[in-house]
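Colleague:
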Amino acid sequence: MNTLFEPNYLRLISPELILTFCAFLLLGLATVKDRESKAWTPALAVLSCLVTLMVLLALTRHLGLETLRVPDLTIGFNGMFILDAFSVFFKMIFLIAAILTILISDRYLELERAQAGEYYALILFAVVGMMFMASAGDFITIFVSLETMALSFYVLVGFLKANRKSNEAALKYFLLGSFSTGIFLYGVSLVYATTATTNLGLIGASRSLEALQPDRAPIFLLGVILVTVALGFKIAAVPFHMWVPDAYEGAPTPVTAFLSTGSKAAAFVVLVRVFTMGFARLGDRWAMLLAILAVASMTLGNVAAILQDNVKRMLAYSSIAHAGYVLLGLIAAGAAHDVPSREFGLEAVLLYLLIYTFVNIGAFALVILLRREQIVGDRVVDFAGLSRRAPWAAFAMLFLMLSLAGIPATAGFVGKWYLFGAAVRAHVTWLAVVAVLNSAVSLYYYLRIVVMMYVREPAEAGRIVPSLGQRVAIAACLGFTVIFGIYPQPILALAERSVLALAPWTS
Amino acid sequence: MSASAVIFYVLASIAVLSAAMVIWSRYPVHSALYLVTTFLSVAGIYVLFEAEFVAAVQVLVYAGGIMVLFLFVILLVNLKDTLGPRVRLHATFSSLIGTAVVGLILYVYSQGRVPGSPGAAPMLREGGNLQAIGTSLYREYLLPFEIASVLLLVAMIGTIILARQKT
Amino acid sequence: MIDYIPIGLQMLAAAALAAGLMGLSTLLGRPARSRTDLSPYECGVDPFEPAGKRYTVRFYMVAMLFILFDIEAAFLYPWATVFRDLGLPGFLEMAVFIGVLLIGFVYCWRRGALDWD
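Protein chains in written order, with my numbering: chain A, 44 to 550; chain B, 1326 to 1492; chain C, 37 to 153.
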């Protein structure tokens, strides 16, 4: 019997290994009594992510992943792990999201009196799970890494133990999350029953053909539908969105920021990988399925967001709507008949998720800014007169809101332009029309905050002074939105290169 | 009908019936005991399909560990007046949806056919399937196995953070 | 299937023993006649609180940790059967797995999850 392990594999997973090791260190630091050394925990967590990011990029360059079309050389662990430009792109998103989240966490945890080293360790563990999700080439790896991420999030959402809302949010998220895991496993078991493998490449290359024979097809398709449902839970698409408003509102705000960006992107990476690799032959069928989810998510998300008085809830519904927009790219990839249009659709997905990460974390950073002693600061009216109390922060929020709404000259516009364009190219123009109408609706509730900040008088006097971490995070998010809103070519090229790795499957 | 088919249907009916009783029992402790019955009959089905290791894990982890946990949780929370009229309405509504979904799944099963034991079964018979599981778990599925250790670690941290009394 | 006859016999014996003991006690024992016989014993005073008391959350924590280590142990069985075939890599694989959980164990210990007070 030959061994299925080679030392080379360790190199492929070296970024994940480093990050896991750092998480262990932070966990150890959490048990130290000394307060002095504990103060360094957030800085160390950021440093861990930066080091991992650098190793990841160095590895990408070393293996020549940017130019490699067929990623045969970088498949490890018997097809369980795929390191390609596509996964690297998402790993970057996760690490960036984690860094931004950690930067906006410190002050918040201080105010909530929930300062604990485990918090940062759990964020890193969640990122480890996400990174393995991005590289997973097999349903088993997907399941285990998805659970690692989800479990970290269940605990993070309920991290404010003295806060009833946080408890309730964690319980709801946990129950519905485990339910969706059960559905996922059921779906995978049906796919396995009809294909005799859990390997995505094998299912896509040959086994799905056999499974589409008339006698097996109903069961195979049921499996595909159940997997879609489970992933629909994770990306927060309607009608699997029930947990979102409560979980987003009750969770500590930095965790909400991370949940709405990192966890969503991680669910999308699995969705893209499973559908373009495993179920590539059923493109037009799952495109229909996802189109229903997309329309429902966009419409319900935007309409419900209008009715919210709580900013976190509003952003939760907005995040549901954005899941709908992003689905457009994937639908285009499934529905289009020519390879360039398919790749264009996936490109739009990647681009939008990257942009959304910066924009949404930025928006939540502003919500955190309003959290002060005795003031929760998560209502829309709490933004009243912010332009006078913190002019720069209000300016940033203005831009981020415009970007979420998709106004030209912001990064959000570039992202939406490509998503809707992909839908048009794939001849699902009606979806693009629905999306544009929805964007118009969304303008109302995003601008409500802008009006609140610039027109209304402040309810209380006194300037709001952000912490260093908050300044850096908000500046980064604002900078990204402005710069790539005007000059998007670099991130466009990056997304384009990253999608090429999926070429054997999209064509 | 062959002997194993008879055993299967007996075990499966016990599993389904006691699963229904888990929901219908008025006392949570009774529900827990019915759940044990479900777990054990499912373990019996695993044995019937020559999946001895899974059966052993089912008894060890589910009928053993998970049940202990359930009982502690039942004793931890006061389940007195939880079933208000709103919950009953929800229950009726969700049981309707649940029945519809089960009906749909059964319909799909009646339409399709799963090929008999896919590939691996003969390999399992020679040399006992514990070895086969060991070989595939520690060779092919090495990476998920190692990630699972991190998963268990996160679960451990979560337990301690959420259940610890002093901060 | 023939291998399972002893297990089946044992299960039958267990069921017979349980049924027999319960049958014997109903046959020989004095049946409870009144409500007082069935009420919890409170030194002649009427019971003033329900018998089911809330347990402390520590039980939950211990049970949860027990399950986690139980699962870990379950992974060791198949490993033990192929230990020789796997050789040194197999040993290292398991060492990493146990090592990660050992970190968890040390964490539990230092966090005081294993102390009862």
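Ideal placement from N, C-alpha and C gives every residue a C-beta, glycine not left out.
No experiment lies behind these values; they were computed from the predicted model shown.
What's the call for C/Leu124, buried or exposed, on a 16-neighbour Cβ count within 10 Å?
Modeller: Sequence index remark: in the third sequence, residue 124 of chain C carries index 88 (1-based). The residue in question, C/Leu124, is exposed, as its Cβ has fewer than 16 Cβ neighbours within 10 Å.
Colleague: Look at the alpha carbon of C/Ala52 and the alpha carbon of B/Ala1340, and state the distance between them as a whole number of angstroms.
Modeller: By 1-based counting over the third sequence, the position of residue 52 of chain C is 16. By 1-based counting over the second sequence, the position of residue 1340 of chain B is 15. Spanning the two alpha carbons is a distance of roughly 21 Å.
Colleague: Kindly list, in the order they appear in chain C, the residues whose Cβ is closer than 9 Å to that of B/Phe1378.
Modeller: On the second sequence, residue 1378 of chain B is found 53 positions in, with the first residue counted as 1. Simply Ala110, Tyr113, Pro114.
Colleague: Exposed or buried, which one is A/Trp435 when buried takes at least 16 other CB atoms within 10 Å?
Modeller: Translated into positions along the first sequence, residue 435 of chain A becomes position 392. Answer is exposed; the Cβ neighbour count stays below 16.
Colleague: From B/Leu1462 to A/Asn121, what does the alpha carbon distance come to, in whole angstroms?
Modeller: Within the second sequence, the letter at position 137 stands for residue 1462 of chain B. Within the first sequence, the letter at position 78 stands for residue 121 of chain A. Looking at the two C-alpha atoms, the distance is approximately 12 Å.
Colleague: Taking Cβ positions only, does B/Pro1447 come closer than 8 Å to chain A?
Modeller: As a working mapping, residue 1447 of chain B is identified with position 122 in the second sequence. Interpretation of B/Pro1447 is limited by its pLDDT of 48, a score under 50 that renders its predicted location unreliable; no figure is taken from the coordinates.
Colleague: Taking only three categories from DSSP, how would you classify A/Leu62?
Modeller: Here residue 62 of chain A refers to the residue found at position 19 of the first sequence. Note: A/Leu62 maps to helix in three-state DSSP.
Colleague: Beta-carbon of B/Leu1495 versus every beta-carbon of chain C: anything under 8 Å?
Modeller: Nothing can be reported for residue 1495 of chain B: it is not among the residues displayed for chain B, which extend from 1326 to 1492.
Colleague: Please confirm whether C/Arg71 has its beta-carbon closer than 8 Å to some beta-carbon of chain B.
Modeller: As a first step, residue 71 of chain C is located in the third sequence; it is residue number 35 there, counting from the start. No, C/Arg71 does not count as interfacial toward chain B.
Colleague: Using a Cβ cut-off of 8 Å (strictly closer), state whether A/Thr224 contacts chain C.
Modeller: Stepping through the first sequence from its first residue, residue 224 of chain A is reached at position 181. Cβ-Cβ to chain C under 8 Å: no for A/Thr224.
Colleague: Taking all protein chains shown into account, do 16 or more other C-beta atoms lie within 10 angstroms of the C-beta of B/Tyr1371, making it buried, or fewer, making it exposed?
Modeller: Sequence index remark: in the second sequence, residue 1371 of chain B carries index 46 (1-based). Label assigned to B/Tyr1371: buried.
Colleague: I'd like to check one pair, B/Gln1383 with B/Val1367: are the Cβ atoms closer than 8 Å?
Modeller: Locating residue 1367 of chain B in the second sequence gives position 42, where the first residue counts as 1. Locating residue 1383 of chain B in the second sequence gives position 58, where the first residue counts as 1. Closer than 8 Å, so yes.
Colleague: B/Ala1328: buried (16+ other C-beta within 10 angstroms of its C-beta) or exposed?
Modeller: Working through the second sequence from its first residue, we reach residue 1328 of chain B at position 3. Flag for B/Ala1328 reads exposed.
Colleague: Let me check understanding here. Comparing Cα to Cα, which of A/Pro383, A/Leu314, A/Val542, A/Tyr399 lies closest to A/Ala300?
Modeller: For the purposes of this step, residue 300 of chain A is taken as residue 257 along the first sequence, with counting starting at 1. If we check each option's Cα against that of A/Ala300, A/Tyr399 comes out closest.
Colleague: Taking only beta-carbon positions, decide if B/Gly1459 is within less than 8 Å of chain A.
Modeller: What you label residue 1459 of chain B is simply residue 134 of the second sequence in a count that begins at 1. Not one chain A Cβ lies under 8 Å of B/Gly1459.
Colleague: Going along chain A in order, which residues have a C-beta closer than 9 Å to the C-beta of C/Ile139?
Modeller: Locating residue 139 of chain C in the third sequence gives position 103, where the first residue counts as 1. Phe67, Leu70, Gly71, listed in chain order.
Colleague: Using a beta-carbon distance below 8 Å, is B/Thr1289 in contact with chain C?
Modeller: The structure shown has nothing for residue 1289 of chain B, since chain B only spans 1326 to 1492.
Colleague: Under 7 Å Cβ to Cβ from A/Gly388, same chain only, skipping five residues before and after it: list those, please.
Modeller: Reading the first sequence from its first residue, position 345 is the one you call residue 388 of chain A. In its chain, beyond the 5 residues on either side, Gly372, Leu373, Ala375, Ala376, Ala379, Ala465, Ala469 have a beta carbon closer than 7 Å to the beta carbon of A/Gly388.
Colleague: Suppose contacts are defined by Cβ-Cβ distances below 8 Å. Is A/Met285 in contact with A/Leu203 by that definition?
Modeller: Within the first sequence, residue 285 of chain A is the residue found at index 242, counting from 1. Within the first sequence, residue 203 of chain A is the residue found at index 160, counting from 1. Contact: no.
Colleague: With DSSP run on the structure shown, which of helix, strand or coil describes A/Asp181?
Modeller: Counting from one through the first sequence, the residue named residue 181 of chain A turns up at place 138. A/Asp181: strand per DSSP, three-state reduction.
Colleague: Just to confirm, is the Cβ distance from A/Thr280 to A/Leu396 under 8 Å?
Modeller: As a position in the first sequence, residue 280 of chain A is number 237, starting the count at 1. As a position in the first sequence, residue 396 of chain A is number 353, starting the count at 1. Note that residue 280 of chain A corresponds to Ala in the displayed sequence, not to Thr. No.
Colleague: So, do the stretch 299 to 318 of chain A and the stretch 268 to 277 of chain A have three or more beta carbon pairs nearer to each other than 8 Å?
Modeller: yes
Colleague: DSSP beta-bridge partners for A/Phe124?
Modeller: The residue labelled residue 124 of chain A in the question sits at position 81 within the first sequence. The partner list for A/Phe124 (beta bridge, DSSP) reads A/Gly119, A/Ala179.
Colleague: Compile a chain-ordered list of the residues in the stretch 253 to 275 of chain A whose CB is closer than 7 Å to at least one CB of chain B.
Modeller: Asp258, Arg259, Ala260, Pro261, Ile262, Leu265
Colleague: Tell me the rounded alpha-carbon separation between B/Ala1376 and A/Leu106.
Modeller: As a working note, residue 1376 of chain B is residue 51 in the second sequence. As a working note, residue 106 of chain A is residue 63 in the first sequence. Cα to Cα, B/Ala1376 sits roughly 42 Å from A/Leu106.
Colleague: Compare the C-beta of A/Asn45 against all C-beta atoms of chain C and say whether one is closer than 8 Å.
Modeller: In the first sequence, the residue the question calls residue 45 of chain A occupies position 2. Annotation note: pLDDT 44 at A/Asn45 (below 50); position unreliable, coordinate value reported separately. No, its Cβ sits nowhere closer than 8 Å to a Cβ of chain C.
Colleague: Select from the stretch 1326 to 1348 of chain B all residues with a C-beta closer than 7 Å to any C-beta belonging to chain C, and list them in chain order.
Modeller: none
Colleague: Locate the alpha helix (DSSP H) running through A/Ser221, then write down its first and last residues.
Modeller: For the purposes of this step, residue 221 of chain A is taken as residue 178 along the first sequence, with counting starting at 1. A/Ser221 -> alpha helix (DSSP H) spans 207 to 238.
Colleague: By a C-beta neighbour count over all protein chains shown, 10 Å radius and 16 as the cutoff for buried, is B/Ile1485 buried or exposed?
Modeller: Along the second sequence, read from residue 1 onward, the residue named residue 1485 of chain B stands at position 160. Its Cβ being crowded by 16 or more others within 10 Å, B/Ile1485 is buried.
Colleague: How far does the alpha helix (DSSP H) with C/Met130 in it reach, from first residue to last?
Modeller: Taking the third sequence and counting its residues from 1, the one referred to as residue 130 of chain C is at position 94. Unbroken alpha helix (DSSP H) run through C/Met130: 93 to 146.
Colleague: What does the alpha-carbon distance come out to for the pair C/Arg71 and C/Gly65?
Modeller: Mapped onto the third sequence, residue 71 of chain C falls at position 35. Mapped onto the third sequence, residue 65 of chain C falls at position 29. The alpha-carbon atoms of C/Arg71 and C/Gly65 are separated by roughly 17 Å.
Colleague: Just the Cα atoms here: how many angstroms apart are C/Val136 and A/Phe64?
Modeller: For the purposes of this step, residue 136 of chain C is identified with residue 100 of the third sequence, where counting begins at 1. For the purposes of this step, residue 64 of chain A is identified with residue 21 of the first sequence, where counting begins at 1. Each residue's alpha carbon lies about 10 Å from the other.
Colleague: Going along chain B in order, which residues have a C-beta closer than 7 Å to the C-beta of C/Ala99?
Modeller: As a working mapping, residue 99 of chain C is identified with position 63 in the third sequence. Chain B residues near C/Ala99: Val1393, Leu1394, Phe1397.
Colleague: What span of residues does the alpha helix (DSSP H) with A/Pro410 cover, start to end?
Modeller: Working through the first sequence from its first residue, we reach residue 410 of chain A at position 367. According to the sequence provided, residue 410 of chain A is Val. The question's Pro does not apply to it. Where A/Val410 is concerned, the enclosing alpha helix (DSSP H) stretches over 382 to 412.
Colleague: Would the stretch 1421 to 1435 of chain B count as touching the stretch 89 to 104 of chain A if we require 3 or more Cβ pairs under 8 Å?
Modeller: Under the 8 Å Cβ criterion, the stretch 1421 to 1435 of chain B does not count as touching the stretch 89 to 104 of chain A, having fewer than three qualifying pairs.
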